[in-house]
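J.: Provided herewith is a single structure, encoded as structure tokens, for subsequent inquiry.
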Amino acid sequence: MAKKAGSKGEDLTELPGVGAATAKKLQAAGLNTAAKIAKAGKAGLEKAGLNKASAAKLAAAVAKKSAKSAAKKTAAKAKSTAKKATSKAKDTAKKAASSTKKAASKATAAGKKVAEKTVEKAKGDQKVKSVKSDDGRKGKTLKVPRSVTDMPWFRKN
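If you're matching positions, the sequence shown starts at 899 in this note's numbering and goes up one per residue.
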């Protein structure tokens, strides 16, 4: 089996139909990687010294290998992109939830302030009226109705 050609290149004998002699022919022609073989195509392999059948078989095998490699890369890239999209969607959902929570908190605080002001204003209306006594005592006396007949709405007739 042939070893790697020089410092760069691949072990061409790993390709189907390539033995030591074919690997030497390919390396002599400068086709020392699968990418270069794929680029050369069937015609380039024939120029490198391979017969038509071997050139066609090798070109098809390299194309198949390149297609598989490209498919794996595309699948990996798609998976990575999907992961990023999922992560981004989660971040967006977290931000939206946080914004909603903040808005709800602000609305609740504003509602509490309005309620407190309303209660403060209403406290003045709940006081019992006091009037000056007409029986000779000093100071003011609370005027609290003792029965329905003492209530102002009853006496309006």
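Yeah, the Cβ is synthetic: ideal placement off N, Cα and C, and Gly gets one too. Owing to the predicted nature of the structure, the values given are computational and were not obtained by experimental measurement.
The alpha helix (DSSP H) that contains E912, what's its start and end?
T.: Start at 1 with the first residue of the sequence shown, and residue 912 comes out as number 14. Unbroken run through E912: none, as it is neither H nor E.
J.: Distance, Cα to Cα, A941 vs A954?
T.: As a first step, residue 941 must be located in the sequence shown, where it is residue number 43. As a first step, residue 954 must be located in the sequence shown, where it is residue number 56. Near 9 Å, if we compare the C-alpha coordinates of A954 and A941.
J.: Quick one, which of A961, A927 and E944 has its alpha-carbon nearest P914's?
T.: Walking along the sequence shown from the start, residue 914 turns up at place 16. It is A961 whose Cα lies nearest to the Cα of P914.
J.: Going by the beta-carbon positions, is the gap between K923 and G947 smaller than 9 Å?
T.: Translated into positions along the sequence shown, residue 923 becomes position 25. Translated into positions along the sequence shown, residue 947 becomes position 49. Taking 9 Å as the Cβ cut-off, K923 and G947 qualify as a contacting pair.
J.: S905 by DSSP, collapsed to three states: which one?
T.: Numbered from its first residue, the sequence shown carries residue 905 at position 7. With a pLDDT of only 39 at S905, under the threshold of 50, the placement of this residue in the model should not be trusted, and no figure is reported.
J.: For the alpha helix (DSSP H) holding G917, just list the boundary residues, first then last.
T.: Start at 1 with the first residue of the sequence shown, and residue 917 comes out as number 19. Here G917 belongs to no alpha helix (DSSP H), and DSSP marks it neither H nor E.
J.: DSSP on G928, reduced to helix/strand/coil?
T.: By 1-based counting over the sequence shown, the position of residue 928 is 30. In the structure shown, G928 sits in coil (DSSP, three-state: anything other than H, G, I, E or B).
J.: For K977 and A987, what's the separation of their Cα atoms in angstroms?
T.: As a first step, residue 977 is located in the sequence shown; it is residue number 79 there, counting from the start. As a first step, residue 987 is located in the sequence shown; it is residue number 89 there, counting from the start. Whole-angstrom Cα-Cα distance: 15 Å.
J.: Got a sec? Which residues, its chain only, sit under 8 Å from E944 by beta carbon, not counting five neighbours each side?
T.: On the sequence shown, position 46 is the one that residue 944 refers to. Taken in chain order, the residues that qualify are K950 and A953.
J.: Can you tell me which of the three DSSP states D1033 falls into?
T.: For the purposes of this step, residue 1033 is identified with residue 135 of the sequence shown, where counting begins at 1. Three-state DSSP puts D1033 in coil, outside helix and strand.
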